[in-house]
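Residue numbers (the working numbering): 1 to 224.
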C-alpha cells in the first residue's frame, strides 16, 4: 500500500503487489482484509512476539485494521475504485451486524471500528479490540479523502472523487472556516477530466480556497 501512497514505488511492482494482496488477503467470506497469510504457527525460526497470538488472531494473520485502511486508500489512488469500495464496505463495522446472527458472530459493537478482526478457525470474523484504535480516523480518511475525494490542505480544498462504478455521484455539506460549502459531484459523459465550478464560475483546477464565513456552492464533474 505504501509503495502506492508514497509515490516512490515502481508502478509495475506496486500493481503486482496490490493484485496479489487482493487475491490472497481479501476474504469475502469473513469480510476482512488480512494482514498476511498464512499465520505463524510452526516455524524453524522464531518471528518474535507476533507468534504468541494464536494463528489468525490480531497481528498474527488476522485483520489489522490500520493496514486494511491504507490498502483501501491505495486501491482508490490506483483507480481501482470498485475494489476500494468493496474493501471499505468490509471494514465498515455496521456491515458486520446486518442481522442478529451476524451481530452474534461479530460479538463487538457495530458502531465503532475494531482494531482487529479474527481470521482463525472457529472464531473467524469475530471482532477484537474496539474504541481505542487510531484506525477509526484512518477509515474516516479512506471514506472522505480516498473515495469521496475531498481533501483539505491548509485553507485550500481539493476534489479528486474516486467513486465506485455504480455511483452516479453524491452530495455533501462541508462546514468549515465559519461557513458552509454545498458540494455536488456529478458524472458527466461530456467531461474528460475532473472539472470544478464554484458559485457558477469554472475553475482552472480542481482546487479552491473558500472565503471565511461564506456560503458556497460547488459542482464537481467527473467522467462518466
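Even glycine gets a Cβ: it sits at the ideal position worked out from N, Cα and C.
**Prompt:** First and last residue of the beta strand (DSSP E) that includes residue 187?
**Reply:** Taking the chain shown and counting its residues from 1, the one referred to as residue 187 is at position 187. It spans 179-188 - the beta strand (DSSP E) in which residue 187 sits, taken as one unbroken run.
**Message:** Helix, strand or coil, according to DSSP, for residue 207 in the structure here?
**Reply:** Walking along the chain shown from the start, residue 207 turns up at place 207. Note: residue 207 maps to strand in three-state DSSP.
**Message:** My output table needs one value for residue 172: the three-state DSSP class, helix, strand or coil.
**Reply:** As a working note, residue 172 is residue 172 in the chain shown. Strand.
**Prompt:** Can you tell me whether residue 11 is buried or exposed, with buried defined as 16 or more other CB within 10 angstroms of its CB?
**Reply:** What you label residue 11 is simply residue 11 of the chain shown in a count that begins at 1. Answer is exposed; the Cβ neighbour count stays below 16.
**Message:** I'd like the span of the beta strand (DSSP E) that includes residue 223, first residue to last.
**Reply:** In the chain shown, residue 223 corresponds to position 223, counting from 1. It spans 215-223 - the beta strand (DSSP E) in which residue 223 sits, taken as one unbroken run.
**Enclosing alpha helix (DSSP H) for residue 22 [first to last residue]** = Numbered from its first residue, the chain shown carries residue 22 at position 22. That run of the alpha helix (DSSP H) goes 11-25.
**Item:** CA nearest to the CA of residue 133, picked from 120, 142, 144 and 115
**Value:** One-based indexing of the chain shown puts residue 133 at position 133. Comparing Cα-Cα distances from residue 133 to each of 120, 142, 144 and 115, the minimum goes to 115.
**Message:** Given a cut-off of 8 Å on the beta-carbon distance, is the pair residue 106 and residue 125 in contact?
**Reply:** Here residue 106 is taken as the residue at index 106 of the chain shown, counted from 1. Here residue 125 is taken as the residue at index 125 of the chain shown, counted from 1. Going by C-beta atoms, residue 106 is nearer than 8 Å to residue 125.
**Prompt:** Given a threshold of 16 other Cβ atoms within 10 Å of its Cβ, counted over all protein chains shown, does residue 34 qualify as buried or as exposed?
**Reply:** Residue mapping note: residue 34 aligns to position 34 of the chain shown, counting from 1. Residue 34 counts as buried, since at least 16 other C-beta atoms from the protein chains shown sit within 10 angstroms of its C-beta.
**Asked** What separation, rounded to the nearest whole angstrom, lies between the Cα atoms of residue 24 and residue 37?
**Response** Position 24 of the chain shown, counting from 1, holds the residue named residue 24. Position 37 of the chain shown, counting from 1, holds the residue named residue 37. Roughly 7 Å between the two C-alpha positions.
**Asked** Does the distance from the C-beta atom of residue 199 to that of residue 221 stay below 8 Å?
**Response** Start at 1 with the first residue of the chain shown, and residue 199 comes out as number 199. Start at 1 with the first residue of the chain shown, and residue 221 comes out as number 221. In this structure, residue 221 does not lie closer than 8 Å to residue 199 by Cβ.
**Request:** Output the distance between the C-alpha atoms of residue 184 and residue 162, rounded to the nearest integer angstrom.
**Result:** What you label residue 184 is simply residue 184 of the chain shown in a count that begins at 1. What you label residue 162 is simply residue 162 of the chain shown in a count that begins at 1. The alpha-carbon of residue 184 is positioned some 14 Å away from that of residue 162.
**Message:** Considering Cα atoms alone, identify which of 62, 41, 207 and 87 is closest to residue 156.
**Reply:** Within the chain shown, the letter at position 156 stands for residue 156. The residue with the shortest Cα to Cα distance from residue 156 is 207.
**Item:** Limits of the alpha helix (DSSP H) - the one that residue 141 falls within
**Value:** To locate residue 141, count along the chain shown from 1; it is residue 141. Unbroken alpha helix (DSSP H) run through residue 141: 135-141.
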